[in-house]
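Please read the structure below before turning to the comments.
Residue numbers (the working numbering), protein chains in the order written: chain X, -17 to 95; chain L, -17 to 95.
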């Protein structure tokens, strides 16, 4: 299975596109940290069944990411917004007009993502 | 059917999630401005059939937007990036440090979308 952080990120963006049942199982595993055994008992299916369901959710979420790339764009946006804030902060202590140019350039980059 | 601009926007964000055939028909109508009659002839189906296929694509794209709200977030991002650029421009002519605060605040807003 994928790393929890990566799963949480994909779920955050595409979880709405899963079925109610898929969401429930995925949340149990990824956010509530329940064991496969606990979930298997809860649902009355085998541990292997739970494992397969989670893997299937992983694949569905990954296929949305391959098509829409929202997680990737979100990371790039966060990086660029961070740069803008840093430049604004730097400007406050230095007053170099070149920093203002940079801010405008990066703001433009965000729109091209 | 929906307005062309709105259809183009939804297609831009979610078109990858349609089938190859749906994409073809939708592009013919929305981007290539072909008439229903022309497409009907091309596909060997009725005008009504084409109309129904396009309406179905509209509904699919809208349902993704209801769940993921990417078009709405994109519009808000574009608006806020525009504000940042305007403030940077204003700063250039005025030099008011309050504008830098504004830039930082709006950059933060973008991350909360």
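Idealized CB from N, CA, C, for every residue including glycine. Treat the numbers as computed from the prediction; the structure is a model and nothing was measured.
Between residue 74(L) and chain X, the shortest Cβ-Cβ separation is below 8 Å. Considering only 78(L), 3(L), 59(L) and -2(L), the residue with the shortest C-alpha distance to residue 32(L) is 3(L). Going by beta carbons, residue -5(X) and residue 53(X) fall inside the 8 Å limit.
In the three-state DSSP reduction, residue 93(X) falls in the helix class (H, G or I). Taking all protein chains shown into account, residue -9(L) has 16 or more neighbouring C-beta atoms within 10 Å of its C-beta and is therefore buried. Taking a beta-carbon distance threshold of 8 Å, residue 59(X) counts as an interface residue toward chain L.
In terms of Cβ geometry, residue 66(L) and residue 85(X) form a close pair [threshold 8 Å].
Just so you know, the alpha carbons of residue 12(L) and residue -11(L) end up roughly 7 Å apart. Residues of the segment 31 to 52 of chain X with a C-beta less than 8 Å from any C-beta of chain L: 46, 49, 50 and 52, listed in chain order. Distance between residue 57(L) and residue 15(L), taken at the CA atoms: about 25 Å. For residue 59(L), the secondary structure class from DSSP, reduced to helix, strand or coil, is helix.
For residue -5(L), the uninterrupted alpha helix (DSSP H) segment begins and ends at -14 to -4.
The beta carbons of residue 50(X) and residue -2(L) sit about 6 Å from each other, so the pair counts as a contact at 8 Å.
Per DSSP, reduced to three states, the secondary structure at residue 26(X) is coil, with no helix or strand assignment. In this structure, residue 18(X) sits away from residue 5(X), with a CB-CB distance that is not shorter than 8 Å. With fewer than 16 other CB atoms across the displayed protein chains lying within 10 angstroms of its CB, residue 72(L) is exposed. Apart from sequence neighbours up to five positions away, the residues of its chain that approach residue 46(L) with a beta-carbon distance below 7 Å are -4 and -1, ordered along the chain. Residue environment analysis places residue 78(X) among the exposed positions, since fewer than 16 neighbouring C-beta atoms fall within 10 angstroms of its C-beta.
Exposed is the label assigned to residue 34(X), since fewer than 16 other Cβ atoms lie within 10 Å of its Cβ. Ranked by Cα distance from residue 64(L), the options 75(X), 61(X) and 93(X) are led by 93(X). Comparing alpha carbon positions, the residue from 68(L), 95(L), 80(L) and 75(L) closest to residue 89(X) is 68(L). Membership of residue 10(L) in the alpha helix (DSSP H) is indicated by the continuous run 2 to 12. When the five nearest sequence neighbours on each side are left out, the beta carbons in the same chain lying within less than 8 Å of the beta carbon of residue 7(L) are those of 21, 25, 32, 35, 36 and 39, in order along the chain. With 16 or more neighbouring CB atoms inside 10 Å of its own CB, residue 70(X) falls in the buried class.
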